[in-house]
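**Q** Here the numbering used here runs 2 ahead of the position in the sequence shown, where the first position is 1.
Ideal Cβ positions, reconstructed from N, Cα and C, are used throughout, including at glycine.
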Amino acid sequence: MKRVSPRKARKLRPAETERPLGFAYGAGIAALCLGAWLFHELRSERSPLKYEPVIAEFSFQQADIDAANPVLQARPLTGAETGRRPGSEEECPPELASNTREQWLAWRQNIAASYARGQFTEWVDTWRTFDTCETRFESLGLQACFENLKNVTFVHSRPRTPRKMGFEMTDQQYLASHPAEALTLPEKLADGIPSDWKHWSDQEPRVQALLYRSRTVSNPNRGSLARLLFLVEGDEYDKWVQFTMPEPAPHGDGRPEQLVDFISVRKRANRAPVIAFRQFWRDSQGRNPRDRIQVQGVADTCYSCHPGGMRSISPQPGSVGKEGLATLSYLNARIDAYGPLDWNGAVHPQFYGPPRGPEVGCATCHNNGGAPFDPVLSRGPLNLFTSMAHVRHKMLEDLSMPPSRFTPAAHVHDYLGLPDRLEDEQRGRLLSRWIRGQKDGGDFAAPQPGDAFMDLRAEGLFTGTTAPVTEHVSFQAIRDDLELVEGQRQQLFDALNSRARYPRQVAWWMLQDCGTP
3 MKRVSPRKAR
13 KLRPAETERP
23 LGFAYGAGIA
33 ALCLGAWLFH
43 ELRSERSPLK
53 YEPVIAEFSF
63 QQADIDAANP
73 VLQARPLTGA
83 ETGRRPGSEE
93 ECPPELASNT
103 REQWLAWRQN
113 IAASYARGQF
123 TEWVDTWRTF
133 DTCETRFESL
143 GLQACFENLK
153 NVTFVHSRPR
163 TPRKMGFEMT
173 DQQYLASHPA
183 EALTLPEKLA
193 DGIPSDWKHW
203 SDQEPRVQAL
213 LYRSRTVSNP
223 NRGSLARLLF
233 LVEGDEYDKW
243 VQFTMPEPAP
253 HGDGRPEQLV
263 DFISVRKRAN
273 RAPVIAFRQF
283 WRDSQGRNPR
293 DRIQVQGVAD
303 TCYSCHPGGM
313 RSISPQPGSV
323 GKEGLATLSY
333 LNARIDAYGP
343 LDWNGAVHPQ
353 FYGPPRGPEV
363 GCATCHNNGG
373 APFDPVLSRG
383 PLNLFTSMAH
393 VRHKMLEDLS
403 MPPSRFTPAA
413 HVHDYLGLPD
423 RLEDEQRGRL
433 LSRWIRGQKD
443 GGDFAAPQPG
453 DAFMDLRAEG
463 LFTGTTAPVT
473 EHVSFQAIRD
483 DLELVEGQRQ
493 QLFDALNSRA
503 RYPRQVAWWM
513 LQDCGTP
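Structure, rendered in structure tokens:
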């Protein structure tokens, strides 16, 4: 366990009054000797010295404090969640076991101060202290004020090997926590994609199917972005089954893809629906889906891409076509209708830090359903677990987040949806060009909005000063709106991505009030 060194502690104290040179020289020699002794004692397991209540000062603005209020209150972790086995606890090290309440609070304050400076990385060592010294914390009445720090330390330090799906419980615990029906593919899809899938989805009123291309995620095993998504609705379960498809010719080789992403939503009267995730892996012929962890020993971390449970379908422009727009609208409306979802103990969003971005409006939607926000708008919070590369893409590249309500943005989004409303021949030429660009440039490469407008113009959709679909009368007008939208979003992203502000908010969140012993 890392201790506060005397050298560091001295740096954290206010500067002392200057003294004459000779005195300073002698004092310096004495300090070096004392420092060497202290260093030896602090390194010794027998040392009676404790964490010194000398802390790094750091200050907050009121906005930081307000933004750090957790959406959900901290709560103790159970033994099942942490993976601890009764009777297997290690002993709290002797040099820590007799720490006073004040010394433990100083230890906690030093951790928060280090994080506020962007320096704290010792999650595993800190969790080991929580894990072994829990009885001592309880005896000092420190459980409540240590919960936020303890919980975030746990989710950062938990072993990845038995948690390939990225949940707080192990993969085995997760699969056992849901009924078998919640994790089972619909019978019609149990052997992969049926040859008559189009007829089936057309004839069955409770089955929807949508072919599209993802804007963001290239799936294994050949990096395809093509998808075939099914929704099979039932009385108790809705089952969402997404098959990765081969890239269309001439960009793909036509060989069957193998990944299957699966989500079930168990509907309950007057209670939040329960969400369950699973991945399957098909054989080389695209048949016989089996649990991906058993077949490959790997899985994607579900919560990293689905912090709100379900997420809206945002196809690459031009990849749906006019015949699929009604299905796309229905599927997104079904997703929105679920509202906040129950993770069934697999994830506790309040463990991952305070919500990010309330000062720029993100928490209007990304609030995890906490009061006083509208639960209908609820999405998973942006927090320590959120990839800012993903946020950058959604805000600045495909412009799908946040949904904008001002007129220029509405016009820009109208143009982004235009390719899906074109006739197949013209739409096909655009999509082929964009797939080629994405293949050359990798993920997030194409189509960018500015490039998309140029391609639309090249396809003859802008003739003279007249532009289709929107109220705009010129190509230049829509380009001007695009620049306005991109500039405003860049300002929002820069504020959200501040490297100074959010660590201070997290540090404050770690230091919730302890109350009285």
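Who are the Cβ neighbours of asparagine 71 in its own chain at under 6 Å, not counting the five residues just before and after it?
**A** In the sequence shown, counting from the first residue as 1, residue 71 sits at position 69. Reliability of the predicted coordinates at asparagine 71 is poor, the pLDDT of 44 falling under 50, and the value obtained from them is presented with this limitation in mind. Correct list: empty, nothing qualifies.
**Q** Any contact of the stretch 309-325 with the stretch 132-145, i.e. 3+ C-beta pairs under 8 Å?
**A** As far as the Cβ criterion goes, the stretch 309-325 does not touch the stretch 132-145, which means the pair count is below three.
**Q** Pick from Arg224, Phe455, Asp240 and Asp193: whose alpha carbon is nearest that of arginine 208?
**A** Position 206 of the sequence shown, counted from the first residue, corresponds to residue 208. It is Asp240.
**Q** Assuming lysine 166 and alanine 365 are in contact, meaning their beta carbons sit under 8 Å apart, how far apart are those beta carbons, in whole angstroms?
**A** The sequence position of residue 166 within the sequence shown is 164, counting from 1. The sequence position of residue 365 within the sequence shown is 363, counting from 1. With a Cβ gap of about 31 Å, lysine 166 and alanine 365 do not count as contacting.
**Q** Can you check whether the CB of proline 351 is closer than 9 Å to the CB of leucine 520?
**A** The structure shown has nothing for residue 520, since the chain only spans 3 to 519.
**Q** Suppose contacts are defined by Cβ-Cβ distances below 9 Å. Is tryptophan 511 in contact with glycine 359 by that definition?
**A** Here residue 511 corresponds to residue number 509 of the sequence shown, with the count starting at 1. Here residue 359 corresponds to residue number 357 of the sequence shown, with the count starting at 1. Contact: no.
**Q** Is it true that the CB of leucine 261 sits closer than 9 Å to the CB of phenylalanine 245?
**A** Here residue 245 refers to the residue found at position 243 of the sequence shown. Here residue 261 refers to the residue found at position 259 of the sequence shown. Contact flag set, yes.
**Q** Rounded to whole angstroms, how far is the Cβ of cysteine 147 from the Cβ of cysteine 516, which I believe are closer than 8 Å?
**A** For the purposes of this step, residue 147 is taken as residue 145 along the sequence shown, with counting starting at 1. For the purposes of this step, residue 516 is taken as residue 514 along the sequence shown, with counting starting at 1. Cβ atoms of cysteine 147 and cysteine 516 come within 8 Å of each other, at about 3 Å.
**Q** For serine 159, name the three-state secondary structure that DSSP assigns.
**A** For the purposes of this step, residue 159 is identified with residue 157 of the sequence shown, where counting begins at 1. Residue state, collapsed to three classes: helix.
**Q** Just the Cα atoms here: how many angstroms apart are threonine 252 and proline 357?
**A** Taking the sequence shown and counting its residues from 1, one reaches residue 252 at position 250. Taking the sequence shown and counting its residues from 1, one reaches residue 357 at position 355. It is worth fixing the name first, because residue 252 is proline in this sequence and not threonine. So the alpha carbons of these two residues sit roughly 44 Å apart.
**Q** In three-state terms, what does DSSP make of leucine 420?
**A** For this step, residue 420 is matched to residue 418 along the sequence shown. DSSP places leucine 420 in helix when its eight states are reduced to three.
**Q** Taking the alpha helix (DSSP H) that glutamine 296 belongs to, which residues open and close that run?
**A** As a first step, residue 296 is located in the sequence shown; it is residue number 294 there, counting from the start. Where glutamine 296 is concerned, the enclosing alpha helix (DSSP H) stretches over 294-298.
**Q** What separation, rounded to the nearest whole angstrom, lies between the Cα atoms of proline 248 and leucine 486?
**A** The sequence position of residue 248 within the sequence shown is 246, counting from 1. The sequence position of residue 486 within the sequence shown is 484, counting from 1. Per the coordinates, the alpha-carbon of proline 248 lies some 37 Å from the alpha-carbon of leucine 486.
**Q** Under 9 Å between the Cβ atoms of leucine 185 and alanine 274?
**A** Position 183 of the sequence shown, counting from 1, holds the residue named residue 185. Position 272 of the sequence shown, counting from 1, holds the residue named residue 274. No, the Cβ-Cβ distance between leucine 185 and alanine 274 is not below 9 Å.
**Q** Comparing alpha-carbon positions, which option in Asn385, Arg394 and Ala328 lies nearest glutamine 507?
**A** If you number the sequence shown from 1, residue 507 lands on position 505. Checked all of Asn385, Arg394 and Ala328; the closest Cα to glutamine 507 is Asn385.
**Q** Isoleucine 295 and aspartate 173: beta carbons closer than 9 Å?
**A** Position 293 of the sequence shown, counted from the start, is the residue given in the question as residue 295. Position 171 of the sequence shown, counted from the start, is the residue given in the question as residue 173. In contact: isoleucine 295 and aspartate 173 (Cβ atoms closer than 9 Å).
**Q** Straight-line CA distance for glycine 120 to alanine 114?
**A** Residue numbering aside, residue 120 sits at position 118 when the sequence shown is read from its first letter. Residue numbering aside, residue 114 sits at position 112 when the sequence shown is read from its first letter. Going from the Cα of glycine 120 to the Cα of alanine 114 covers about 10 Å.
**Q** How close, in whole Å, do the beta carbons of aspartate 426 and glycine 326 come, if the pair is a contact with beta carbons under 8 Å?
**A** In the sequence shown, counting from the first residue as 1, residue 426 sits at position 424. In the sequence shown, counting from the first residue as 1, residue 326 sits at position 324. Incorrect: roughly 11 Å between the Cβ atoms, too far for contact.
**Q** Count the other CB atoms, across all protein chains shown, that sit within 10 Å of the CB of histidine 368; report buried if there are 16 or more and exposed otherwise.
**A** One-based indexing of the sequence shown puts residue 368 at position 366. By the 10 Å Cβ count, histidine 368 comes out buried.
**Q** In the DSSP assignment, the alpha helix (DSSP H) including alanine 211 goes from what residue to what residue?
**A** Counting from one through the sequence shown, the residue named residue 211 turns up at place 209. Taken as a continuous stretch (DSSP letters only), alanine 211 belongs to no alpha helix (DSSP H), being part of the beta strand (DSSP E) at 209-215.
**Q** Using 8 Å as the Cβ pair cut-off and three pairs as the minimum, do the stretch 494-506 and the stretch 385-398 touch?
**A** yes
**Q** Span of the beta strand (DSSP E) holding isoleucine 265?
**A** By 1-based counting over the sequence shown, the position of residue 265 is 263. Here the beta strand (DSSP E) through isoleucine 265 covers 261-270.
**Q** Look at the alpha carbon of alanine 76 and the alpha carbon of serine 220, and state the distance between them as a whole number of angstroms.
**A** As a working note, residue 76 is residue 74 in the sequence shown. As a working note, residue 220 is residue 218 in the sequence shown. In this prediction, alanine 76 scores a pLDDT of 46, lower than 50, which makes its location untrustworthy; the coordinate-derived value is nonetheless stated afterwards. Approximately 36 Å, taken between the alpha carbons.
**Q** In terms of DSSP beta bridges, what is asparagine 221 paired with?
**A** Here residue 221 corresponds to residue number 219 of the sequence shown, with the count starting at 1. As DSSP reads the structure, asparagine 221 sits in a beta bridge with Ser226.
**Q** Give me the Cα-Cα distance between proline 2 and histidine 308, rounded to the nearest whole angstrom.
**A** Because the chain here runs from 3 to 519, residue 2 falls outside it and cannot be looked at.
**Q** Start and end of the alpha helix (DSSP H) containing tryptophan 106?
**A** Against the sequence shown, residue 106 aligns to sequence position 104. Boundaries of the alpha helix (DSSP H) harbouring tryptophan 106: 103-118, taken from the DSSP string.
**Q** Going by alpha carbons, who is nearest to isoleucine 265 out of Trp242, Gly341, Ser500 and Thr155?
**A** The residue labelled residue 265 in the question sits at position 263 within the sequence shown. Looking at the Cα atoms, Trp242 is the closest of the given residues.
**Q** Please classify arginine 481: does DSSP put it in a helix, a strand, or coil?
**A** Counting from 1 along the sequence shown, the entry for residue 481 is found at position 479. Three-state DSSP puts arginine 481 in a helix.
**Q** With DSSP run on the structure shown, which of helix, strand or coil describes threonine 409?
**A** Position 407 of the sequence shown, counting from 1, holds the residue named residue 409. Helix.
**Q** Could you tell me how far apart the beta carbons of valine 154 and proline 188 are, in whole angstroms, since I believe they sit closer than 8 Å?
**A** Here residue 154 refers to the residue found at position 152 of the sequence shown. Here residue 188 refers to the residue found at position 186 of the sequence shown. That pair is no contact at about 38 Å.
**Q** Work out the CA separation of valine 362 and aspartate 133 for me, nearest whole Å.
**A** Locating residue 133 in the sequence shown gives position 131, counting from the first residue. Locating residue 362 in the sequence shown gives position 360, counting from the first residue. When rounded, the distance between both Cα atoms is 37 Å.
**Q** Per DSSP, what are the beta-bridge partners of threonine 303 in this structure?
**A** Taking the sequence shown and counting its residues from 1, one reaches residue 303 at position 301. DSSP, once it has assigned bridges, lists no residue as partnering threonine 303.
**Q** Tell me which residues share the same chain as glutamate 93 and place their Cβ nearer than 7 Å to its Cβ, disregarding the 5 neighbours each side in the sequence.
**A** Along the sequence shown, read from residue 1 onward, the residue named residue 93 stands at position 91. These residues qualify, in order along the chain: Thr134.
**Q** Could you say which of Thr409, Met312 and Trp345 lies nearest to arginine 525 if we only look at CA atoms?
**A** With the chain covering only 3 through 519, there is no way to say anything about residue 525.
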